[in-house]
Amino acid sequence: MNKAFSIEATEHASVASPANNLVKGYSIVSASAFTIIGIVMVVLALLTPTSILFNGGTVVVSLSIIFKVFEIVFSFGMLHAAILLWRTILSKKYMSRGVGILSGDAALANAFFYFGFAMTAFHLGYASQAIALAQFITVLVGLFFGAGGLALSGASKPARPLGHITFPLMLRDGVILIVGTILMAIAFGQLAGVALKPPQWNWISFLGITVPGMFLLMGREGVKARLETWKGFARFPRVLLTEILLVLGLAIMLYGSYANLTLGVNGYQVGPVGNVAGFMLWIAAVLLLLVIRGAFKIAVSQRYNDVGYRIISKLLYVMAIVFFIYGERSFLSGHAPLFSVGGAAPASALILVGAFLVLVVGRSASQKVRDSAGSDEESHSVKKEVVQNG
Numbered sequence: 003m004n005k006a007f008s009i010e011a012t013e014h015a016s017v018a019s020p021a022n023n024l025v026k027g028y029s030i031v032s033a034s035a036f037t038i039i040g041i042v043m044v045v046l047a048l049l050t051p052t053s054i055l056f057n058g059g060t061v062v063v064s065l066s067i068i069f070k071v072f073e074i075v076f077s078f079g080m081l082h083a084a085i086l087l088w089r090t091i092l093s094k095k096y097m098s099r100g101v102g103i104l105s106g107d108a109a110l111a112n113a114f115f116y117f118g119f120a121m122t123a124f125h126l127g128y129a130s131q132a133i134a135l136a137q138f139i140t141v142l143v144g145l146f147f148g149a150g151g152l153a154l155s156g157a158s159k160p161a162r163p164l165g166h167i168t169f170p171l172m173l174r175d176g177v178i179l180i181v182g183t184i185l186m187a188i189a190f191g192q193l194a195g196v197a198l199k200p201p202q203w204n205w206i207s208f209l210g211i212t213v214p215g216m217f218l219l220m221g222r223e224g225v226k227a228r229l230e231t232w233k234g235f236a237r238f239p240r241v242l243l244t245e246i247l248l249v250l251g252l253a254i255m256l257y258g259s260y261a262n263l264t265l266g267v268n269g270y271q272v273g274p275v276g277n278v279a280g281f282m283l284w285i286a287a288v289l290l291l292l293v294i295r296g297a298f299k300i301a302v303s304q305r306y307n308d309v310g311y312r313i314i315s316k317l318l319y320v321m322a323i324v325f326f327i328y329g330e331r332s333f334l335s336g337h338a339p340l341f342s343v344g345g346a347a348p349a350s351a352l353i354l355v356g357a358f359l360v361l362v363v364g365r366s367a368s369q370k371v372r373d374s375a376g377s378d379e380e381s382h383s384v385k386k387e388v389v390q391n392g
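Using our numbering, read the sequence shown as starting at 3 and increasing by one per residue.
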């Protein structure tokens with residue numbers, strides 16, 4: 003009788019089991035969150051008052067109905083993201099294939115557009131402040147779990163080879179950075195308020211400024227990955243280029259976010275008022291990204307794939323982005339970059355915690371790179387069979 007078994011495969015399975023269980027557990031949490039968020043989005047959209055206008059013998063569709071239809075459509079889009087993730091969890095091939103980016107990406111896209119139509123309806127007087135605030139909070143939760151879904155996708159997949167990038171990977175890494183940064187900007191924008199309140203909304207600023215900044219940040223992820231193989235002295239121009247793209251993308255996106263969510267105006271029709279202290283703080287944040295964080299990346303470039311070094315890099319980014327947000331907003335508004343806290347501080351603190359988890363934990367867990375096909379801990383072990391005859 004022949005008996006064959008794989009020693010390394012068995013050991014690998016026992017080691018990987020806790021990580022797989024953690025991924026599957028968070029997948030269930032995310033799928034449940036998407037389901038609940040989608041249902042809440044539908045209910046809040048249906049609670050928005052609608053009016054039907056009559057002009058003689060004809061019925062004129064009110065804008066409130068149009069906004070409600072869009073909100074319902076994007077609510078079902080969130081439920082579709084939940085279905086995609088549930089299908090992955092319940093599939094027998096779940097553990098072997100990992101979690102794709104489609105569910106997390108769909109959740110984020112539907113949350114953003116639902117947010118835009120809901121806030122527009124509120125500011126046009128088609129929704130009460132209580133409904134708009136509930137929609138705002140629901141979208142914030144959706145953004146957090148959507149980014150978590152993308153991070154889950156990266157954590158459940160094998161590490162990518164050094165210098166290799168695909169559009170889905172570029173999209174995943176860039177969107178996690180974008181969502182975490184926007185959550186921080188929203189939190190600091192609300193921090194000094196008396197209470198959490200629905201933000202402004204301007205579609206031109208969002209689509210014409212914020213979104214192009216997002217595209218630049220996503221493209222930067224592709225450039226960064228392609229240049230990873232540059233060694234020696236070439237590391238300096240590589241890091242300089244990628245960090246400059248980061249600064250430019252952040253400046254454009256955060257300006258669009260400020261004009262959109264804080265001012266509610268067309269960002270192309272307003273310009274910076276100017277503030278020396280704010281400008282200096284902004285420059286300090288840029289130097290922190292370019293010089294200090296860049297030098298750290300160069301110094302640990304041979305060990306940057308270790309999760310500990312990735313976490314330190316993300317922490318440096320969080321430190322810099324706080325100064326970046328305050329400095330840029332001060333320069334744009336003309337007000338001194340003063341740190342003030344109001345009644346909205348508890349809610350803002352929760353948003354900041356979510357942003358921190360996305361930017362530090364989520365990005366560190368999802369950005370896995372291996373130097374070669376056989377040197378990464380994620381690569382498959384070569385099975386060694388021991389054959390015993392009896």
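For each residue, glycine too, the CB sits at the ideal point set by N, CA and C. Bear in mind the structure is a predicted one, so any value in this text is a computation, not a measurement.
The residues 225 and 229, in chain order, have a CB closer than 8 Å to that of residue 243 in the same chain once the five nearest residues on each side in sequence are set aside.
Beta-bridge partners of residue 275 (DSSP): none assigned.
Distance between residue 218 and residue 247, taken at the CA atoms: about 7 Å. Under DSSP, residue 371 shares a beta bridge with 162. For residue 323, the closest alpha carbon among the candidates 352, 334, 65 and 290 is that of 290. At the C-beta level, residue 149 and residue 360 come within 8 Å of one another.
The C-beta distance from residue 270 to residue 210 rounds to 7 Å, short enough to fall under 8 Å.
Around the Cβ of residue 132, a 10 Å sphere holds fewer than 16 other Cβ atoms; the residue is exposed. Nearest C-alpha to residue 255 among 274, 81 and 212: 212.
In the three-state scheme derived from DSSP, where H, G and I count as helix and E and B as strand, residue 232 is classed as coil. By the CB criterion at 8 Å, residue 103 and residue 173 fall inside the cutoff.
Annotation for residue 167: 223, 224, 227 and 228 place their beta carbon closer than 8 Å to its own, counting only its chain and skipping 5 residues before and after. It is roughly 36 Å from the alpha-carbon of residue 125 to the alpha-carbon of residue 155.
For residue 170, the enclosing alpha helix (DSSP H) has its first and last residue at 169 to 193.
Per DSSP, reduced to three states, the secondary structure at residue 126 is coil, with no helix or strand assignment. The C-alpha of residue 33 lies about 29 Å from the C-alpha of residue 310.
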